[in-house]
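Participant:
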Amino acid sequence: MATNDYHFISRWRVEGTVNEVADLLKEAAELPRWWPSVYLEVEQLEPGDKEGVGRVVSLYTKGWLPYTLRWQFRVTESRYPYGFSLDAWGDFDGRGVWTFEQDGPYVNIIYDWRIRADKPMLRAFSFMLKPIFSANHRWAMERGEESLKLELARRRASTPEELSKIPPPPGPTFPHGGRHKKAASDGA
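Using the working numbering, read the sequence shown as starting at 8 and increasing by one per residue.
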């Protein structure tokens with residue numbers, strides 16, 4: 008494996024159904040709302056078919072380290088509600104496979120992510136900083152599991168009082184550039 012190749016397997020367990028999880032994760036445009044610690048901006052470029060296959064999405068993301076990534080993905084396979092696969096390109100290239108399995112009142116979620124980091128900083132420093140870049144990914148995925156649990160709880164809240172007791176999802180660790188920051192500094 009080249010020094011800038013990465014393979015991550017993330018495992019989450021959330022209370023809910025595979026349909027709830029699949030519906031949340033397939034709506035990429037909603038990621039900045041419920042997973043704001045990682046997804047800063049998301050734009051759907053192509054809708055894909057009724058199962059989402061062919062959907063192309065552009066993303067601006069970050070972890071706890073003070074750098075951002077711009078990348079896109081195309082959904083290549085749908086196994087709704089049991090998962091989907093995607094191909095990614097941009098600051099990294101690779102393939103991700105989401106798998107959802109019902110286990111009683113819980114959903115076991117596996118994300119198998121194989122990428123090659125092509126952003127110049129990541130490519131140049133992977134040989135020595137791979138453990139830190141890997142920890143950054145683990146942090147991002149831990150925030151994802153936490154944020155998904157909170158979003159599922161928000162969707163299940165039956166009263167305004169229940170809803171008010173659910174904390175907001177964790178936000179980004181560092182301020183970021185991009186349209187949001189520029190708009191805020193322009194007084195928009």
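Beta carbons are placed, not taken as given, at the ideal position from N, Cα and C, and that holds for glycine.
Please tell me whether F140 and L129 are closer than 8 Å, where the distance is taken between their beta carbons.
Facilitator: yes
Participant: Rounded to a whole number of angstroms, what is the C-alpha to C-alpha distance between R62 and L93?
Facilitator: 9 Å
Participant: CB W41 to CB E158, shorter than 8 Å?
Facilitator: yes
Participant: Span of the alpha helix (DSSP H) holding W41?
Facilitator: For W41, the enclosing alpha helix (DSSP H) covers residues L38 to W41.
Participant: Tell me the DSSP secondary structure of D56 in three-state form.
Facilitator: coil
Participant: Leaving out five residues before and five after Q79 in sequence, what residues of the same chain have Cβ atoms less than 8 Å from its Cβ?
Facilitator: Excluding sequence neighbours, Q79 sits near L52, V63, V64, S65, L66, A95, W96 and G97.
Participant: Tell me which residue opens and which closes the beta strand (DSSP E) that S65 is part of.
Facilitator: V63 to K69
Participant: Compare the C-alpha of S85 against each of V60, R77 and W71 and name the closest.
Facilitator: V60
Participant: What's the call for R150, buried or exposed, on a 16-neighbour Cβ count within 10 Å?
Facilitator: buried
Participant: According to the neighbour-count rule (16 or more other Cβ atoms, all chains shown, within 10 Å of its Cβ), is M135 buried or exposed?
Facilitator: exposed
Participant: State the start and end residues of the unbroken beta strand (DSSP E) segment that holds V21.
Facilitator: D12 to E22
Participant: When the Cα atoms are used, what is the spatial distance from W19 to D125?
Facilitator: Each residue's alpha carbon lies about 27 Å from the other.
Participant: State the CB to CB distance for the pair P176 and P39, rounded to an integer number of angstroms; the pair is presumed to be in contact (CB under 8 Å).
Facilitator: Their Cβ separation, rounded to whole angstroms, is 10 Å, which puts P176 and P39 out of contact at 8 Å.
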